[in-house]
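**Q**
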Ligand code: URP
Ligand code: ZN
Ligand code: ZN
Ligand code: ZN
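Residue numbers (UniProt numbering): 1 to 466.
Next comes the structure, spelled out in structure tokens:
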């Protein structure tokens, strides 16, 4: 191992500025950032002439090795985090699931076990809360002490993950005290369930009915309710995988009143649509069955504007892959049995760089902010993660903004037999990726050892949200 690595001649991009700089890495961390750092004997030199230096991407919404819909998501912590690294993501936050009637600590241990020997990059965990009976509220405090600084609750999926408003409100009150963040899957699950049952009774079983039975108003209603409950409880709230203009309007209205409401969207809502990707009665459409569903194309420019104007703060993937041939097919005769979710962990930076920066919708700095810096800040990892600065972990992507890359299941590294972005040719890709000072990706190949990824204990913010 060299005593240090000097990345020379790059153009460094942070959320605030873009400037010419060298970066000196010593051990796991960044030692120095400035133009003209002198070379010391024994340092390895990497020439980044013509390249951008980006903070490693942070994907705060992934589901690896997750039991769901009668099967398990097809990427585990090895294949999923390896694909993430190849795409320039060096940190993920995945979701552990509390089984009803059990202690959250048990679920944390199960998910730490899933990741331990496999993770290729650093990972944090959110806890999905399914039940606050018994010692649930104390469990939340215990988890915060273990670095689980965020909890996800579901307003959808009745009889599976959905919780009632009382449970949501009690969880919000607890986070008002312990500084953690509640993440909400915001869709009105009860109303949607009625619409779904009516569709099935009419013989509407094709995948497209998954989308047609989940109106944007059902998302907007739940976003509005989640924010109202958070305001009453005096807690911040983070809306996950926001998909529609109707829902965005509720977040914007709250933020413009100064309410600490945050929201993410995902590449699939920015780039795919009912019109472009759903064929009608074809079972192929099952590839695009995820929740919330694909929306009408008219929502896309509103979501891009939301990212630009900071009404949306983060782009995550909601990576939850199920193979078409043996998993999506479980819903061949009934769309409600199609496992919900799609693959995306590898392509987030490529897609947002190409369609966001490349098409003039986002500045480079905003691109870095929504894919790394803001997720690090919101989820208690900053400045260890999410920026390139002295003292931060040396998670750095040497980004070739001109590299051309064709996205395809034939070449991607995710364990999934299709790509939602098949055939998209993007400009911009990771050339080299450093994770805690180690060169883990070069030329599209992962060089690190599975299991090298470390569990990240994240900080609860203690109410410092504005
Ligand atoms: O369809 C999706 N999004 N699957 C993953 C679970 C969730 O709701 O995030
Ligand atoms: Zn969700
Ligand atoms: Zn505003
Ligand atoms: Zn999800």
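Quick reminder that beta carbons are idealized off the backbone N, C-alpha and C, glycines included. It should be emphasised that the depicted structure is a prediction, and the values quoted were computed from it without experimental measurement.
#1: When every heavy atom of ligand 4 is checked, does at least one fall within less than 7 Å of the C-beta of residue 183?
#2: Give the secondary structure of residue 401 by DSSP, where H, G and I count as helix, E and B as strand, and everything else as coil.
#3: Should residue 255 be listed as close to ligand 6, given that the test is whether its C-beta is under 7 Å from any heavy atom?
#4: Relative to the C-alpha of residue 312, which candidate in 86, 77, 248, 117 has its C-alpha closest?
#5: Distance, Cα to Cα, residue 265 vs residue 368?
#6: With residue 104 as the anchor, note down where its alpha helix (DSSP H) starts and where it stops.
#7: Beta carbon of residue 210: closer than 7 Å to some heavy atom of ligand 4?
#8: Can we count residue 311 as close to ligand 1, meaning its CB is less than 7 Å from some heavy atom?
#9: For residue 7, I'd like the list of residues in its chain whose CB is within less than 6 Å of its CB, leaving aside the five on either flank, ordered along the chain.
#10: Within its chain, find whatever has a CB closer than 7 Å to the CB of residue 73; leave out the 5 residues flanking it on each side and keep chain order.
#11: Alpha carbon to alpha carbon, how far is residue 110 from residue 96?
#12: Assign residue 455 to one of three DSSP states: helix, strand, or coil.
#13: So is residue 19 buried or exposed if we call it buried at 16+ other beta carbons inside 10 Å?
#14: Between residue 474 and the rest of its own chain, which residues show a CB-CB distance below 6 Å, the 5 nearest in sequence each way excluded?
#15: Quick one: what does DSSP say residue 276 is sitting in, helix, strand or coil?
#16: When DSSP labels each residue in this structure, what does residue 197 get in the three-state scheme?
#17: Between the alpha carbons of residue 452 and residue 119, how many angstroms are there, rounded?
#18: State the Cα-Cα distance for the pair residue 433 and residue 444, rounded to the nearest angstrom.
#19: If contact is defined by three or more beta carbon pairs under 8 Å, each pair taking one atom from either stretch, is the segment 383-393 in contact with the segment 30-46?
#20: Run the CB neighbour count on residue 159, radius 10 Å, all protein chains shown included, and call it buried at 16 or more, exposed below.
#21: May I have a chain-ordered list of the alpha helix (DSSP H) segments no shorter than 4 residues that lie completely inside the segment 117-194?
#22: Is residue 379 near ligand 1, with its Cβ less than 7 Å from a heavy atom?
#23: Rounded to a whole number of angstroms, what is the C-alpha to C-alpha distance between residue 441 and residue 81?
#24: So, at 7 Å on beta carbons, what are the nonlocal neighbours of residue 463 in its own chain, with the 5 sequence-adjacent residues on each side left out?
#25: Count the other CB atoms within 10 Å of the CB of residue 100; is the residue buried (16 or more) or exposed (fewer)?
#26: Quick check: is any heavy atom of ligand 1 less than 7 Å from the C-beta of residue 291?
#27: State the beta-bridge partners of residue 55 as determined by DSSP.
#28: Can you name, in chain order, every residue of its own chain whose Cβ lies under 6 Å from the Cβ of residue 115, other than the five neighbours on each side?
#29: With residue 207 and residue 283 assumed to form a contact (beta carbons below 8 Å), what rounded beta-carbon distance in angstroms separates them?
#30: Can you look up residue 427 in the DSSP assignment and give me helix, strand or coil?
#31: Are there 16 or more other CB atoms within 10 angstroms of the CB of residue 41, so buried, or fewer, so exposed?
#32: So, residue 216 versus residue 295, is the Cβ gap smaller than 8 Å?
#33: Does the Cβ of residue 16 have 16 or more other Cβ atoms within 10 Å, making it buried, or fewer, making it exposed?
#34: For residue 250, I'd like the list of residues in its chain whose CB is within less than 8 Å of its CB, leaving aside the five on either flank, ordered along the chain.
#35: I'd like the list of long-range same chain contacts for residue 336, defined as Cβ closer than 8 Å, with 5 residues on each side in sequence excluded.
#36: Drop a sphere of 10 angstroms on the beta-carbon of residue 411, count the other beta-carbons inside from all chains shown, and report buried for 16 or more, exposed for fewer.
**A** Quick answer:
#1: No, Cβ of residue 183 sits at least 7 Å from all heavy atoms of ligand 4.
#2: In the structure shown, residue 401 sits in a strand (DSSP, three-state: E or B).
#3: Questions concerning ligand 6 fall outside what the structure shown contains, since the ligands it does hold are ligand 1, ligand 2, ligand 3 and ligand 4.
#4: Ranked by how close their Cα comes to the Cα of residue 312, the residues 86, 77, 248, 117 have 248 in first place.
#5: If I take the Cα positions, the gap works out to 15 Å.
#6: Under the DSSP assignment, residue 104 falls in the alpha helix (DSSP H) whose first and last residues are 104-116.
#7: Not under cutoff, so the answer is no.
#8: No.
#9: Within the same chain, and ignoring the five residues on either side of residue 7 in sequence, the residues whose Cβ sits closer than 6 Å to its Cβ are 23, 46, 48.
#10: Answer for residue 73: 63, 64, 65, 66, 320, 321, 322, 341, listed in chain order.
#11: If you take the alpha carbons of residue 110 and residue 96, they lie about 8 Å apart.
#12: Of the three classes helix, strand and coil, the one that applies to residue 455 here is strand, per DSSP.
#13: Burial call: exposed.
#14: A query on residue 474 cannot be resolved here, the shown segment of the chain reaching from 1 to 466 and no further.
#15: Helix at residue 276.
#16: Helix, per DSSP.
#17: Straight-line spacing of the CA atoms in residue 452 and residue 119 works out to 6 Å.
#18: Taken atom to atom, the span from the alpha-carbon of residue 433 to that of residue 444 is near 9 Å.
#19: Three or more pairs of CB atoms, one per stretch, sit closer than 8 Å, so the segment 30-46 contacts the segment 383-393.
#20: Counting Cβ neighbours within 10 Å, residue 159 comes out exposed, since fewer than 16 surround it.
#21: Counting only runs of 4 or more, we get 136-145, 165-178.
#22: Residue 379 Cβ: outside cutoff for every heavy atom of ligand 1.
#23: Answer to the nearest angstrom: the Cα atoms are 12 Å apart.
#24: Its pLDDT being 46, under 50, residue 463 is placed unreliably in this model, and the value from its coordinates should be taken loosely. Within the same chain, Cβ atoms closer than 7 Å to the Cβ of residue 463 are found at 179, the five residues on either side in sequence being excluded.
#25: Classification of residue 100: exposed, given that the 10 Å Cβ count is below 16.
#26: Result yes, Cβ under 7 Å from ligand 1.
#27: Looking at the DSSP output, residue 55 sits in a beta bridge with 396.
#28: Excluding sequence neighbours, residue 115 sits near 77, 123.
#29: Sure, about 6 Å apart at Cβ, within 8 Å.
#30: In the structure shown, the three-state DSSP call for residue 427 is strand.
#31: Residue 41 counts as exposed, since fewer than 16 other C-beta atoms from the protein chains shown sit within 10 angstroms of its C-beta.
#32: Contact: yes.
#33: Exposed is the label assigned to residue 16, since fewer than 16 other Cβ atoms lie within 10 Å of its Cβ.
#34: Answer for residue 250: 220, 223, 224, 227, listed in chain order.
#35: Contacts found: 196, 200, 210.
#36: With fewer than 16 Cβ atoms within 10 Å of its Cβ, residue 411 is classed as exposed.
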